[in-house]
Amino acid sequence: MAYPVFDNHVHLQRKGRFTDAVKEFGRKGGTGFMLVALPPDEGLLKDDFFLRMYEEGASIKKEAEEAAGIDVLLAIGPYPVTLLGLAGQLGIEQAEERMVRGVELAGEFVMEGKANAIGEVGRPHFPVSEELLAASNRIMEACFRQAKSVGCPVILHTEDPSPSSLAEIAGFADAGGMERGRVIKHHCTDLVNEDENSGIFPSVKATRELVFSAAKKGKRFVMETDYIDDPARPGAVLGIATVPKRTRELLGAGIFSEEDIWKVNYENPATLYGKEWFRKTA
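In terms of our numbering, the sequence shown opens at residue 28 and continues consecutively.
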């Protein structure tokens, strides 16, 4: 039985398994994933910091596609924790300005067809000062405005989700003119019903517990591993073959029909990012 398998959040590193991980994903039944660019290890204060980040993401995307013949999409944007490093050296005001310029550059890449989403962006997942949190929220609104302008989704990195935090994020999306359903919460739990997520789109961490719970509640979600490809942490956050495995388990347990598999692994991501990017699956 052939069906699509899409992982909504994957990192790749040249120092990691890199294309070997991509090939494993394909061998296990994976048909596509969202590659999320990682910040460079050095040169934080250089003017081309974000440009280098985005260009490297685009290069890795191309090599990943060629390695396994699968659909690879790309998300780029200023990682929220980068603000802290910038603020520590430049002050919050200049740091925020640099982050916003990074958002604008990400929008240019999307307009040129080099990327599919602005992400992972948002705010730190741990407590920070009120000033840093306020700046992060303003940067997040800038992401929504830019994404609205260029017509792409936003993949959010924030604290662990709750109905109240998702309602707050929905308010920021509204303020930025962004359609809530195109705001994707990375590292989400099983909050798949709209009365739980205020219309934000869940990208559910693909543990068996979370995915089975989400699937029993509805089909409005995508799955992700947040695979990091770090040699020091093999298999973190989840292994590259997890979403193919979880898809088989859902089908085998009778929780998902084949139609449900197509809904979550093709129709949902194709609606979020555009069907034209899923030629090999469709």
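For every residue, glycine included, the Cβ atom is placed at its ideal position computed from N, Cα and C.
- Backbone secondary structure at tyrosine 81 - three-state DSSP: As a working mapping, residue 81 is identified with position 54 in the sequence shown. Tyrosine 81: helix per DSSP, three-state reduction.
- Task: Within 10 angstroms of the Cβ of serine 72, are there 16 or more other Cβ atoms? Answer buried if so, exposed if not.
- Result: As a working note, residue 72 is residue 45 in the sequence shown. The identity of residue 72 in the sequence shown is leucine, whereas the question assumes serine. Counting Cβ neighbours within 10 Å, leucine 72 comes out exposed, since fewer than 16 surround it.
- Message: Under 8 angstroms, with one C-beta from each stretch per pair, do the region 100–108 and the region 119–133 reach the 3-pair mark?
- Response: yes
- Give the straight-line distance between the Cα atoms of lysine 42 and aspartate 222, rounded to the nearest whole angstrom. Taking the sequence shown and counting its residues from 1, one reaches residue 42 at position 15. Taking the sequence shown and counting its residues from 1, one reaches residue 222 at position 195. Taking the straight line from one Cα to the other gives about 42 angstroms.
- Would you give the residue range spanned by the beta strand (DSSP E) that serine 230 belongs to? Indexing the sequence shown from 1 puts residue 230 at position 203. Run containing serine 230: 228–232, per the beta strand (DSSP E) assignment.
- Count the other C-beta atoms from every protein chain shown that fall within 10 angstroms of the C-beta of phenylalanine 153, then say buried if there are 16 or more, exposed otherwise. Taking the first residue of the sequence shown as position 1, residue 153 is located at position 126. Exposed is the call here.
- Can isoleucine 87 and phenylalanine 45 be called in contact, C-beta distance under 9 angstroms? For the purposes of this step, residue 87 is identified with residue 60 of the sequence shown, where counting begins at 1. For the purposes of this step, residue 45 is identified with residue 18 of the sequence shown, where counting begins at 1. In contact: isoleucine 87 and phenylalanine 45 (Cβ atoms closer than 9 angstroms).
- Leaving out the 5 sequence neighbours to the left and right, which residues in its chain are closer than 7 angstroms to glutamate 92 when beta-carbon positions are compared? Here residue 92 corresponds to residue number 65 of the sequence shown, with the count starting at 1. Val99.
- Item | Length-filtered (3 minimum) beta strand (DSSP E) runs lying within the region 126–213 | 144–149, 181–184
- Message: Using the Cβ count rule (16 or more neighbours within 10 Å means buried), how would you classify arginine 235?
- Response: Here residue 235 refers to the residue found at position 208 when the sequence shown is read from its first residue. The residue in question, arginine 235, is exposed, as its Cβ has fewer than 16 Cβ neighbours within 10 Å.
- Opposite tyrosine 30 in the DSSP bridges: which residues? For this step, residue 30 is matched to residue 3 along the sequence shown. Beta-bridge pairing links tyrosine 30 to no other residue.
- Using the Cα positions of alanine 259 and aspartate 68, report the straight-line distance between them to the nearest angstrom. For the purposes of this step, residue 259 is taken as the residue at position 232 of the sequence shown. For the purposes of this step, residue 68 is taken as the residue at position 41 of the sequence shown. Each residue's Cα considered, the two are about 15 angstroms apart.
- Query: Expressed to the nearest angstrom, what Euclidean distance is found between the alpha-carbon atoms of phenylalanine 239 and isoleucine 282?
  - Reply: Taking the sequence shown and counting its residues from 1, the one referred to as residue 239 is at position 212. Taking the sequence shown and counting its residues from 1, the one referred to as residue 282 is at position 255. When rounded, the distance between both Cα atoms is 8 angstroms.
- Just mark arginine 273 as buried or exposed, buried being the case when its beta carbon has 16 or more other beta carbons within 10 Å. As a first step, residue 273 must be located in the sequence shown, where it is residue number 246. Label assigned to arginine 273: buried.
- Item | Straight-line gap, alanine 309 to serine 192 (C-alpha atoms, nearest Å) | Working through the sequence shown from its first residue, we reach residue 309 at position 282. Working through the sequence shown from its first residue, we reach residue 192 at position 165. The pLDDT assigned to alanine 309 is 49, lower than 50, so where the model puts this residue is not dependable, and the model offers no usable value.
- Task: Could you name each continuous alpha helix (DSSP H) segment of 4 residues or more that falls completely within the region 216–289, going from the start of the chain to the end?
- Result: 221–224, 235–244, 269–279, 285–289
- Query: Which value, in whole angstroms, describes the spacing of the CA atoms of alanine 114 and alanine 162?
  - Reply: Translated into positions along the sequence shown, residue 114 becomes position 87. Translated into positions along the sequence shown, residue 162 becomes position 135. The alpha-carbon atoms of alanine 114 and alanine 162 are separated by roughly 10 angstroms.
- Alpha carbon to alpha carbon, how far is glycine 84 from valine 63? Give it in angstroms, no decimals. Locating residue 63 in the sequence shown gives position 36, counting from the first residue. Locating residue 84 in the sequence shown gives position 57, counting from the first residue. Distance between the alpha carbons of valine 63 and glycine 84 is about 7 angstroms.
- Query: When DSSP labels each residue in this structure, what does alanine 309 get in the three-state scheme?
  - Reply: The residue you call residue 309 lines up with position 282 of the sequence shown. For alanine 309, the predicted model reports a pLDDT of 49, less than 50, meaning its position is unreliable; a value from the coordinates is still stated below. Coil.
- Task: Would you mind reading off the limits of the beta strand (DSSP E) that contains alanine 64?
- Result: As a first step, residue 64 must be located in the sequence shown, where it is residue number 37. First-last for alanine 64: undefined, no H or E at that position.
- Message: Short of 7 angstroms in beta carbon distance, which residues of its chain neighbour tryptophan 304, apart from the five on each side in sequence? Order them along the chain.
- Response: The residue given as residue 304 occupies position 277 in the sequence shown. Counting only Cβ-Cβ distances below 7 angstroms, and skipping sequence neighbours, we find Asp98, Leu100, Asn143.
- Spatial neighbours of lysine 50 in its chain, beta-carbon cut-off 7 angstroms, leaving aside the 5 residues before and after: Sequence index remark: in the sequence shown, residue 50 carries index 23 (1-based). If we look at lysine 50 and ignore the five residues flanking it on each side, its Cβ neighbours are Ala94, Ala95.
- Close Cβ partners of threonine 185 (< 6 angstroms) along its chain, the five nearest in sequence each way excluded: Looking up residue 185 in the sequence shown gives position 158. Closer than 6 angstroms at Cβ, skipping near neighbours: Gly149, Arg150.
- Item | CA-to-CA distance, histidine 213 to asparagine 220, given in whole angstroms | By one-based count along the sequence shown, residue 220 stands at place 193. By one-based count along the sequence shown, residue 213 stands at place 186. Distance between the alpha carbons of asparagine 220 and histidine 213: 16 angstroms.
- Message: Quick check: the Cα distance between cysteine 170 and leucine 110, rounded to an integer number of angstroms?
- Response: For the purposes of this step, residue 170 is identified with residue 143 of the sequence shown, where counting begins at 1. For the purposes of this step, residue 110 is identified with residue 83 of the sequence shown, where counting begins at 1. If you take the alpha carbons of cysteine 170 and leucine 110, they lie about 14 angstroms apart.
- Task: Report the three-state DSSP secondary structure of aspartate 98 (helix, strand or coil).
- Result: Translated into the one-based positions of the sequence shown, residue 98 becomes position 71. Strand, per DSSP.
- Query: Taking the continuous alpha helix (DSSP H) assigned at glutamine 116, which residues delimit it?
  - Reply: The residue given as residue 116 occupies position 89 in the sequence shown. First-last of the alpha helix (DSSP H) with glutamine 116: 109–117.
- Message: Give me the residue from Val177, Phe248, Gly146, Lys302 with the minimum Cα distance to isoleucine 166.
- Response: Your numbering for residue 166 matches position 139 in the sequence shown. The option with the nearest alpha carbon to isoleucine 166 is Gly146.
- Nearest-angstrom Cα separation, counted from alanine 48 out to leucine 277: The residue given as residue 277 occupies position 250 in the sequence shown. The residue given as residue 48 occupies position 21 in the sequence shown. So the alpha carbons of these two residues sit roughly 23 angstroms apart.
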